[in-house]
Amino acid sequence: MPTITASLADLSALTGETLSPATVEALLPLVKGEIKGLSGDEIKIELNDTNRPDLWCPEGIARQWRARRLGPQRYPFFDRAPHAPSSIQADPRLGAIRPWVGGFIARGSAVTDLFLKSLIQTQEKLSDNFGAFRKTLSMGVYRAVHIAFPVFYRAVGRTERKFVPLGFEVEMTLAEILEKHPKGVQFGKSALPLKGPVPILEDAKGRILSFPPIVNSRASGEVKIGDTDLFIEMTGTNFWSVALGLNICAANLADRGYTIEGVNTLYAEGSAPPLGRLVVAPHPLADCLVREADLPAPLVSELLGAPLSPREIAEALFRYGVEAAPCALSGTRGSGPGLSKEKTISCRIPAWRMDFMHPVDLVEDVLLARGLSSVVPAMPAEFTVGRSDPLVAFADAARQAWTGLGFEEIFSNVLAAERDLCERLNRRPGLVARILNPYSASYAVLRDSLLASLLRVEAASAKALYPHRIFEAGEVESIVGDSFKTQLRLAALIAHDKANFSELQASLWAFLVPWGKDLSILKPERPDPAFISGRLGKILVEGRPIGQIGEIAPEALESWSVRVPCAALEIDLAALREILFPAA
Numbered sequence: 001m002p003t004i005t006a007s008l009a010d011l012s013a014l015t016g017e018t019l020s021p022a023t024v025e026a027l028l029p030l031v032k033g034e035i036k037g038l039s040g041d042e043i044k045i046e047l048n049d050t051n052r053p054d055l056w057c058p059e060g061i062a063r064q065w066r067a068r069r070l071g072p073q074r075y076p077f078f079d080r081a082p083h084a085p086s087s088i089q090a091d092p093r094l095g096a097i098r099p100w101v102g103g104f105i106a107r108g109s110a111v112t113d114l115f116l117k118s119l120i121q122t123q124e125k126l127s128d129n130f131g132a133f134r135k136t137l138s139m140g141v142y143r144a145v146h147i148a149f150p151v152f153y154r155a156v157g158r159t160e161r162k163f164v165p166l167g168f169e170v171e172m173t174l175a176e177i178l179e180k181h182p183k184g185v186q187f188g189k190s191a192l193p194l195k196g197p198v199p200i201l202e203d204a205k206g207r208i209l210s211f212p213p214i215v216n217s218r219a220s221g222e223v224k225i226g227d228t229d230l231f232i233e234m235t236g237t238n239f240w241s242v243a244l245g246l247n248i249c250a251a252n253l254a255d256r257g258y259t260i261e262g263v264n265t266l267y268a269e270g271s272a273p274p275l276g277r278l279v280v281a282p283h284p285l286a287d288c289l290v291r292e293a294d295l296p297a298p299l300v301s302e303l304l305g306a307p308l309s310p311r312e313i314a315e316a317l318f319r320y321g322v323e324a325a326p327c328a329l330s331g332t333r334g335s336g337p338g339l340s341k342e343k344t345i346s347c348r349i350p351a352w353r354m355d356f357m358h359p360v361d362l363v364e365d366v367l368l369a370r371g372l373s374s375v376v377p378a379m380p381a382e383f384t385v386g387r388s389d390p391l392v393a394f395a396d397a398a399r400q401a402w403t404g405l406g407f408e409e410i411f412s413n414v415l416a417a418e419r420d421l422c423e424r425l426n427r428r429p430g431l432v433a434r435i436l437n438p439y440s441a442s443y444a445v446l447r448d449s450l451l452a453s454l455l456r457v458e459a460a461s462a463k464a465l466y467p468h469r470i471f472e473a474g475e476v477e478s479i480v481g482d483s484f485k486t487q488l489r490l491a492a493l494i495a496h497d498k499a500n501f502s503e504l505q506a507s508l509w510a511f512l513v514p515w516g517k518d519l520s521i522l523k524p525e526r527p528d529p530a531f532i533s534g535r536l537g538k539i540l541v542e543g544r545p546i547g548q549i550g551e552i553a554p555e556a557l558e559s560w561s562v563r564v565p566c567a568a569l570e571i572d573l574a575a576l577r578e579i580l581f582p583a584a
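With our numbering applied, the sequence shown covers 1 to 584.
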């Protein structure tokens, strides 16, 4: 979890009230934080929420604490996206490398030592924690007086340009920076392609500002104590991360008294982001993301276990920094079918937050604003003695057996990408249980088979010594008749240059023969395109089907970039247990 260092004096100045370690500890539940260390004026705070990068800095924490007294804070540059006098021009050739860029100018009082440390810390937390170690987002800070606009975001060859990077005294090519500079060695291979052009930022006079996302130029990218005008830029592979990061930094600098001056980013035709060819930063994001939402009051009462009126809910959200009012008072949006406006709260989401996906997220804000102590504890109405479900106990025994057969167990997510279950298994799209509001396409459906999970692990294990023998016992959601049914299955896979049907069948027989039941493998009624035709069999125990076994089709292996033959099986543990223990 992100851990930041802050000054008590600085937090006091930002919140407008005198803070002590005791008051800080009392306020930290508002930001899901806890004190991890205290030394004089310095305090270490761990944030237990990875969805709120706006809180990974003293300014963000102070902004959240101020809201409990002052309500939502308004920033004029978020009320609209005006035309800006300065601009950044993006090279379309960076589309496949690092396409997105944005920035703004902050003008104000001289940079102090305390503020500079806070700014560098924010840069590191956003770039490394939120930006996946600079891949999806990186941040640069510059002395604005040394920059002539427009700024150009260009794609160049690795040996075409030279400049003196931060921390060095001599000019270096971009290739040399990647090989010799500590930041180039640390981030170059993970944040940039291994070959081909790389990005640079240079101003209208041809002076290089930085080699993003690696290192700034020493000439203009070394902010010093006493500087007044700053240029903040961000680049990345995720447009929304770049937009959110710029909004967070703009709000932070505004909280320290700086005047924020927007900067336009101009994109070429065909390479523009969702906001269009001209994007100004900071941006209100109101025309592209969910910035307004209706919260049903009954949902809040149901989840928090307390009968709260729309006015009480709106007041709690207001104290948490979210503009909110009962719809009957605001006279704005409707509340959905079957729910009157009087029972709905109209909410406006701050532009520096992007953690809202569902009304439940707003319910969490109500809870944090009211305090966890506001939830009345309730004793269980019934007392029961817990025990393992018989099917779970059987699955545990099966796990031990397959481990004894020399297979290594894997654990994977029940949620999966629909493409992994269909296209990458050489299967046609079918009926799968879909998530209504998935956070990512990688976790959009419930898996209906364990085979994709095994192949995903195998694809990531190409450098491990062969043979590979892996298995998983877990839940799937498969279609049975007209409805979905949760099934507990076991799947196993072997992979090496001579892996085949017979080898895996031997392991299957070693697992099943000790039960003394009649075993057989028959040709299936219909082929499965994930397996080689003629190399697939239906597994029967006492004449009843429990699963299938076969050799994976080359097309499926190719789609997973698996370069050795594989054989796999998948069985229904509930069906097997019913056959083995019919009276249980």
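For each residue, glycine too, the CB sits at the ideal point set by N, CA and C.
If we ignore side chains and look at the alpha-carbon of each, how far apart do residue i and residue j end up?
i: Ala-26; j: Leu-372; result: 12 Å
i: Lys-422; j: Ala-6; result: Residue identity differs from the one stated: residue 422 is Cys in this sequence, not Lys. Computed Cα separation, rounded: 49 Å.
i: Ala-132; j: Met-1; result: 13 Å
i: Asp-113; j: Leu-11; result: 15 Å
i: Arg-93; j: Pro-99; result: 8 Å
i: Val-215; j: Asn-264; result: 23 Å
i: Ala-575; j: Pro-438; result: 31 Å
i: Pro-76; j: Asp-528; result: 60 Å
i: Glu-480; j: Val-457; result: A small fix is needed here, since residue 480 is Val in this sequence, not Glu. The alpha-carbon atoms of Val-480 and Val-457 are separated by roughly 28 Å.
i: Phe-78; j: Leu-465; result: 55 Å
i: Phe-239; j: Leu-209; result: 21 Å
i: Gly-336; j: Pro-296; result: Low confidence applies here, because Gly-336 scores a pLDDT of 45, under 50, leaving its location unreliable; read the following figure in that light. Answer to the nearest angstrom: the Cα atoms are 9 Å apart.
Would you call the CB atoms of residue i and residue j closer than 7 Å?
i: Ile-232; j: Gly-404; result: no
i: Lys-162; j: Glu-171; result: yes
i: Ala-191; j: Lys-135; result: yes
i: Met-379; j: Met-234; result: no
i: Pro-282; j: Leu-246; result: yes
i: Phe-531; j: Gly-550; result: yes
i: Val-223; j: Val-101; result: no
i: Asp-497; j: Val-564; result: yes
i: Ala-84; j: Val-280; result: yes
i: Tyr-258; j: Ala-13; result: no
i: Phe-149; j: Ser-86; result: yes
i: Glu-475; j: Leu-488; result: yes
i: Thr-3; j: Lys-36; result: yes
i: Ala-568; j: Asn-426; result: no
i: Ala-473; j: Leu-490; result: yes
i: Ala-316; j: Arg-370; result: yes
Is it buried or exposed, residue i, if we count other Cβ atoms within 10 angstroms and call 16 or more buried?
i: Ile-147; result: buried
i: Glu-59; result: buried
i: His-358; result: exposed
i: Ile-225; result: exposed
i: Ile-571; result: buried
i: Ser-118; result: buried
i: Ala-395; result: buried
i: Phe-211; result: buried
i: Phe-411; result: exposed
i: Trp-560; result: buried
i: Gln-123; result: buried
i: Phe-385; result: Rather than Phe, the amino acid found at residue 385 in this sequence is Val. Its Cβ having fewer than 16 others within 10 Å, Val-385 is exposed.
Which residues does DSSP pair with residue i in a beta bridge?
i: Val-185; result: According to DSSP, Val-185 bridges with nothing at all.
i: Gln-487; result: Val-476
i: His-468; result: Ala-495
i: Val-541; result: Leu-519, Arg-544
i: Trp-100; result: Gly-236
i: Glu-42; result: Ser-7, Ser-39
i: Asn-216; result: Ser-210
i: Lys-162; result: Thr-173
On the three-state DSSP scale, how would you describe residue i?
i: Phe-263; result: Looking at the sequence provided, one finds Val at residue 263 rather than Phe. Strand.
i: Trp-240; result: helix
i: Gln-548; result: strand
i: Asn-51; result: coil
i: Ala-67; result: helix
i: Cys-249; result: helix
i: Asp-361; result: helix
i: Lys-343; result: helix
i: Asn-500; result: coil
i: Gln-89; result: strand
i: Glu-222; result: coil
i: Pro-150; result: coil
i: Cys-566; result: strand
Is there at least one non-hydrogen atom of the ligand FMN closer than 6 Å to the beta-carbon of residue i?
i: Ile-260; result: Judged by which ligands are present, the structure shown has none, so any question about the ligand FMN falls away.
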